[in-house]
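Q: If you're matching them up, the sequences are chains A and B in order. Taking the numbering used here, the leading residue of the first sequence gets 1, the next gets one more, and so forth. Taking the numbering used here, the leading residue of the second sequence gets 1001, the next gets one more, and so forth.
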Amino acid sequence: MVGLVRGVRFDSDATGPSAYLESSVPCPWWQQPAELLARFSDQPAKLCSADWYRLVDRFLGIDSEDRTLRQRFGMLYSEFLAPFPSPSEATEGVLCRIQVREGAPAHLVTFTAPSEISIVDFMLALFPGRGYVELNQAADGWRSLGVVGQPFPFLTARGSQVLVEAREAWQPLIANCALNWVMQMQSELLFFHAAAVAVRGQGVLLAGEKGAGKSTLSLALAAQDHEFFGDEIAAVRAGKFELTPFRRAVSVRSGPQAPRVQEKLKNKSFVTETFPDGTVRSRALAREFLPAAGASPRPLRWVFFLRGFEPRPRAESFHPRLEDVRLLAPLACTFWGRPFAGRITEVAKMLSSVNCYFLYPGRPEDTAEMVERIVRSK
Amino acid sequence: MSLVYRRCATIEMAPLQDETILFDPQKNQFCLLNRTAALLWNQLATPASPQALGVKLCENVSGVALEDAVRDANSALQEMRSLDMVVEESQPVSEQENKAAAAPQTIAGQATQLPVYEPPRLTVMDDKQVMSVFQVPVVAGSWWG
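1. In chain A, what lies closer than 8 Å to B:Leu1124 by C-beta?
2. Quick test of the definition: if touching needs 3 or more C-beta pairs under 8 Å, does the stretch 269 to 282 of chain A touch the stretch 201 to 208 of chain A?
3. Please report whether the beta-carbon of B:Ala1108 lies at a distance below 9 Å from any beta-carbon of chain A.
4. From what residue to what residue does the beta strand (DSSP E) around A:Gln99 run?
5. Anything in chain B within Cβ reach of A:Pro105, meaning under 9 Å, just list it in chain order.
6. Please compile the residues from chain C whose C-beta is within a distance smaller than 8 Å of the C-beta of A:Pro320.
7. Along the stretch 327 to 344 of chain A, where does the CB come closer than 7 Å to a CB of chain B? Name the residues.
8. If I'm right that A:Ala234 touches A:Ala196 with Cβ under 8 Å, what's the distance once you round it to whole angstroms?
9. Does the contact criterion of 3 or more C-beta pairs under 8 Å hold for the stretch 100 to 111 of chain A versus the stretch 156 to 175 of chain A?
10. Under the rule that 16 or more other beta-carbon atoms within 10 Å means buried, what is A:Phe246, buried or exposed?
11. Would you mind giving the Cβ-Cβ distance between B:Val1124 and B:Leu1083, rounded to the nearest angstrom? I have them listed as a contact below 8 Å.
12. Determine whether the Cβ of A:Val325 lies closer than 9 Å to any Cβ atom of chain B.
13. Taking the straight line between their C-alpha atoms, what separation do you get for A:Gln262 and A:Arg314?
14. Would you call A:Asp140 buried or exposed, if buried means 16 or more other Cβ atoms sit within 10 Å of its Cβ?
15. Is A:Leu81 buried or exposed, if buried means 16 or more other CB atoms sit within 10 Å of its CB?
16. So what's A:Leu60 in DSSP terms, helix, strand or just coil?
17. Got a sec? Which residues, its chain only, sit under 7 Å from A:Gly131 by beta carbon, not counting five neighbours each side?
18. Does any CB atom of chain B fall closer than 9 Å to the CB of A:Ser218?
19. Does B:Gln1113 pass the burial test, meaning 16 or more other C-beta atoms within 10 Å, or should it be called exposed?
20. Indicate whether the contact test is met: 3 or more Cβ pairs, each with one atom in the stretch 214 to 223 of chain A and one in the stretch 180 to 187 of chain A, closer than 8 Å.
21. Looking only at its chain, what residues have a beta carbon closer than 7 Å to the beta carbon of A:Glu346, apart from the 5 residues adjacent to it on each side?
22. Determine, using beta carbons only, whether A:Leu243 and A:Pro299 come nearer to each other than 9 Å.
23. Excluding the five sequence neighbours on either side, which residues of its own chain have a C-beta within less than 7 Å of the C-beta of B:Val1086, listed in chain order?
24. The alpha helix (DSSP H) with A:Arg260 in it runs from where to where?
25. Are any of the Cβ atoms in chain B nearer than 9 Å to that of A:Val379?
26. Checking 9 Å against the spacing of the C-beta atoms, do A:Leu145 and A:Met123 come in under that value?
27. Confirm, please, whether the CB-CB distance from A:Glu310 to A:Gly362 is below 9 Å.
28. Tell me which residue opens and which closes the beta strand (DSSP E) that A:Val162 is part of.
29. From what residue to what residue does the beta strand (DSSP E) around A:Ser251 run?
30. Does the stretch 61 to 77 of chain A come close enough to the stretch 44 to 53 of chain A that 3 or more CB-CB pairs lie under 8 Å?
31. Within the continuous beta strand (DSSP E) that includes B:Ile1011, where are the two ends?
32. Are the Cβ atoms of B:Leu1057 and B:Trp1041 separated by less than 9 Å?
33. Indicate whether at least one CB of chain A lies closer than 9 Å to the CB of B:Val1136.
34. Give the C-beta separation of A:Pro379 and A:Leu135 to the nearest angstrom, bearing in mind that I take them to be a contact with Cβ-Cβ under 8 Å.
35. Could you say which of B:Gln1129, B:Gly1054 and B:Lys1027 lies nearest to B:Arg1071 if we only look at CA atoms?
36. DSSP state of B:Ala1065, grouped into three classes?
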């Protein structure tokens, strides 16, 4: 099918951005974004038409004409869904409005927030390993982002307006940007790539690289009815170092799990997904999967750094050194737009105020039992 | 009257195993203290003179003469003062000060279990240097998938 959008021929049967064939207008859409913008509404977004999520202290509104994004977001972040915020609460957060026009080569994403950020710089900072680069072919006042080796941008932005290439997988990028923006706004919070639980009212952070067993261990502990704070992102209130729930839908890998977790998986059917790394995982809402593992803010007392698997779990207590600060893997949004030195001091203060262990996990249930034992021992 | 020093209340600190981080949020100034400087900083929770700090150093490390310890402590205090991390006050000479003055001239080798003395060191870093030292990995979790 071939359509005509303001002089730019659009071949919707082709597979990439190069399918936009130039006709009477010599420039592709990203070089004439104003032309494309005219197709979208310039009326302010209505707060009531958005789904509102409360991400700890701030709200994120998702007002999307793209159903895929809206549904996916709703599924992953269902536990954050909040009643409609007051206008002042809403304006202190971020509203992400996505407009879709049939046949248009790009969608319009408009962010409304108390202060503007540079979307291109923000994305470059958030995803340093993805090969994103700023391209020089943007129109005046606009900035474009592409991937190394590809001549066309997947995104062109000016202020709070972002045009995203309709044929690219733009939804994860925009969703991540919106989420990170709301997290970044909350300077009183530190966000880490970690799982978190509370055992006997004491906050426990489980840090480690991807595949280290954070989710498995946190679920094994939650299946013992300990409070479950999240398996992917941990939010810690700076100053008083209080762990606060950040419960995205959990993803349970196929493979060894604690018997109670296996049982739950057997007894109920959950959606399964194949991840980009090839692993198959079950996706479930924490409140359904672990109904007894609710969570409310708890003082952070323990940090376990997960290391290599061993036949039997073991743990080594240690006093953190300078080089251990990096093991906590704070998320990029924790640092962005703020003096790095101040944030790293917060992270180091946090680490110096808790009990630290290197943990070599064994079977999930044995490892969970060991963590329980260690926490109970003090 | 003698000069004593105490910590500025606004300075944030993060004590780690071998070093201590000091951060002045008002000036966005980051400073790393080595073990000896950290020991001095810990003593400054209450006002202390260079003499008293020198004695404390000799009690906690091996291989330093009191005279050198006092000189190094004084030098570190001056550096901390120039960074606005400590304040100087005048105080009547106390009994403790007198005791400190009467302390043995060297305690080197007194306790072999103690760590070997290294002079106190303060390293002031800007944001770029802090990033370079800590090399914190930038993580952007896959929150969509």
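A virtual CB, placed ideally from N, CA and C, is assigned to each residue, including glycine. These numbers were taken from a predicted model, which means no experiment stands behind them.
A: Well, looking at it:
1. In the sequence as presented, Leu is not what sits at residue 1124 of chain B; that position holds Val. Near B:Val1124 there are no residues of chain A at all, since even the closest Cβ is about 10 Å away, more than 8 Å.
2. no
3. Residue placement at B:Ala1108 is poorly supported in this model, since its pLDDT is 48, which falls under 50; the coordinates are not used for a value here.
4. Val94 to Gln99
5. None at all; the shortest Cβ gap to chain B is about 23 Å.
6. Here chain C cannot be found, since the structure's protein chains are A and B.
7. Ala329, Pro330, Leu331, Ala332, Pro339, Phe340, Ala341, Gly342 and Ile344
8. Going by Cβ atoms, the distance from A:Ala234 to A:Ala196 rounds to 4 Å, so yes, they are a contact pair.
9. yes
10. Burial check for A:Phe246: the Cβ neighbour count within 10 Å reaches 16 or more, so the residue is buried.
11. 7 Å
12. yes
13. 23 Å
14. By the neighbour-count rule (16 or more Cβ atoms within 10 Å), A:Asp140 is not buried but exposed.
15. exposed
16. strand
17. Cβ neighbours of A:Gly131 beyond the five flanking positions: Val147 and Val148.
18. no
19. Label assigned to B:Gln1113: exposed.
20. no
21. Leu190 and Ala238
22. Yes, the pair counts as a contact, with Cβ atoms nearer than the cut-off.
23. Answer for B:Val1086: Tyr1005, Arg1006, Arg1007, Cys1008, Leu1044, Leu1077 and Met1080, listed in chain order.
24. Pro259 to Asn267
25. Nothing about residue 379 of chain A can be read from this structure; chain A reaches only from 1 to 378.
26. yes
27. Yes, they are a contact pair.
28. Here the beta strand (DSSP E) through A:Val162 covers Gln161 to Glu165.
29. Residues Val250 to Arg253.
30. Yes, they touch.
31. Element bounds for B:Ile1011: n/a, residue is neither H nor E.
32. no
33. So, interface residue.
34. Residue 379 of chain A lies beyond the range of chain A shown here (1 to 378); nothing can be said about it.
35. B:Gly1054
36. strand
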